[in-house]
Amino acid sequence: MKKKIINIFIVTACFAILSCIAWADKEQPFPVNEIKLDNGLTVLVVERPGAPVFTGYICAGAGSAYEKIGNIGTAHLLEHMMFKGSESVGTSNIDAEKELWIKEDSVWARIDAANRKMRYIELNQPDKLKEHLKYIEDLNSILDSLVKASSQYTIPNEFDRIYTRHGAAQFNAWTGYDITSYHVSLPSNRLGLWFKMESDRLKKPAFREFFTERDVVSEERRQSVENNSESKLFEQLIATAFLAHPYQIYWEWQSEVNNLTRKDLEEYFSTYYTPSNLTIAVVGDIKTDDIKKLAEKYFGDMPYQDNFEPIYTVEPEQLGERRINVSFDASPAVYIA
């Protein structure tokens, strides 16, 4: 599950434009059939008879650019959490899990409050610092015990195993600035299974193993940015190129990821993972009529929502050259935007 694609960004964009120009006046060999459900969900179908397989995509029209300051990293963490299953897949007792999640979140709120009070104690009550640190340590121990307790009801990777048993390949996802995409390839006779599985995790997601996965996403930054000269340089490049637009943030900051809550994910999900902001795309040895029936059966009952929050920020005109130098133990490199 990757974050963002950056290598040869400019070159890739140029090739994409040239490709569009080349195909503009040509008839598409495989027409795209569009289906629109009453709740606003868009379904795109490309029939490609041949090998009895298909690839299905679920795309949410929002990514990291739609995050708010203070919860940067929500889109990426949510992408990870969507692989944890649903209220029916990945659990042996969802009610018991939910009870423990409430307790986990309550303890985390106390840890967060204690962490925010730390600076005040350091400056004004240094004699109480040791006691306060012990208090935070005890709370973290309680949280760890609750996480361990909830794990007894978790069936790890069940979503993935179900797909694998039915011949799936390339089950993955990625988060970009403007989109989050989930995809998998399956035999054509498993089309119904795919619709059932995907609708299940979109209608009733279960953000289990939250604190464990939050640590995973936080660690990804260290591995992919802090220890990678190209990523570090690119991060500084776009931070310099964009003054106002949210594209200026390449990878979420650990200080924000480490403080994300389950509520942050729930709010982002309910705002952007709505039918009118979702697009389903299916390509392969399938029929449009079958796709339409399955889409209406599994997604048609999702309620219409109009709470999408667009990006209003417009990047101001650049009035001159901007330049940034980054020191890193690596071979010299130059990026130009």
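Counting from 1 along the sequence shown, just add 1248 to a position and that's the residue number in our numbering. Cβ coordinates follow ideal geometry from the N, Cα and C atoms, glycine included.
Asked	Found
Rounded C-alpha distance that separates Ser1398 from Thr1460	12 Å
Expected contact under 8 Å - CB spacing of Thr1423 and Glu1327 to nearest Å	5 Å
Contact the region 1413 to 1428 vs the region 1378 to 1391: 3+ CB pairs below 8 Å	no
Where the alpha helix (DSSP H) through Gly1440 begins and ends	1439 to 1451
Ile1390 at chain D interface by Cβ criterion, 8 Å	No chain D appears in this structure, which consists of one protein chain only.
C-beta contact flag for Glu1544 and Ala1492 at 8 Å	no
Collapsed DSSP secondary structure at Glu1315 in the structure displayed	coil
Any non-hydrogen atom of the ligand MN closer than 7 Å to Arg1571 Cβ	This structure lacks the ligand MN, and indeed carries no ligand of any kind.
Where Ile1427 falls: helix, strand or coil (DSSP)	coil
The alpha helix (DSSP H) enclosing Met1509, as first and last residue numbers	In the sequence as presented, Met is not what sits at residue 1509; that position holds Thr. Taken as a continuous stretch (DSSP letters only), Thr1509 belongs to no alpha helix (DSSP H), as it is neither H nor E.
Cβ-based burial, Ile1278 [other Cβ within 10 Å; buried from 16]	Residue 1278 is actually Phe in this sequence, not Ile. The residue in question, Phe1278, is exposed, as its Cβ has fewer than 16 Cβ neighbours within 10 Å.
Among Ser1575, Phe1556, Tyr1560, Tyr1552, the one whose alpha carbon lies nearest that of Asp1286	Tyr1552
Asp1577 versus Phe1482 - alpha carbon distance	15 Å
N-terminal and C-terminal residue of the alpha helix (DSSP H) that Lys1669 is part of	Because the chain here runs from 1249 to 1585, residue 1669 falls outside it and cannot be looked at.
Local conformation of Ala1272 per DSSP, three classes	Note on Ala1272: pLDDT 42, under 50, position unreliable in the model; no value is reported.
Touch test, the region 1372 to 1381 against the region 1412 to 1419, Cβ-Cβ under 8 Å, three pairs minimum	no
Buried or exposed by the 16-neighbour rule on C-beta atoms within 10 Å, applied to Asp1512	buried
Nearest-angstrom Cα separation, counted from Arg1438 out to Trp1271	Because the pLDDT at Trp1271 is just 41, under 50, the model does not fix this residue reliably, and the value given afterwards should be weighed accordingly. The alpha-carbon atoms of Trp1271 and Arg1438 are separated by roughly 32 Å.
Residue closest to Pro1494, alpha-carbon to alpha-carbon, out of Gly1318, Lys1284, Pro1300	Gly1318
Identified DSSP bridge partners for Asn1420	His1431
Anticipated Cβ contact below 8 Å, Pro1453 with Ser1334, distance rounded	6 Å
Range of the contiguous beta strand (DSSP E) that encloses Thr1290	1290 to 1295
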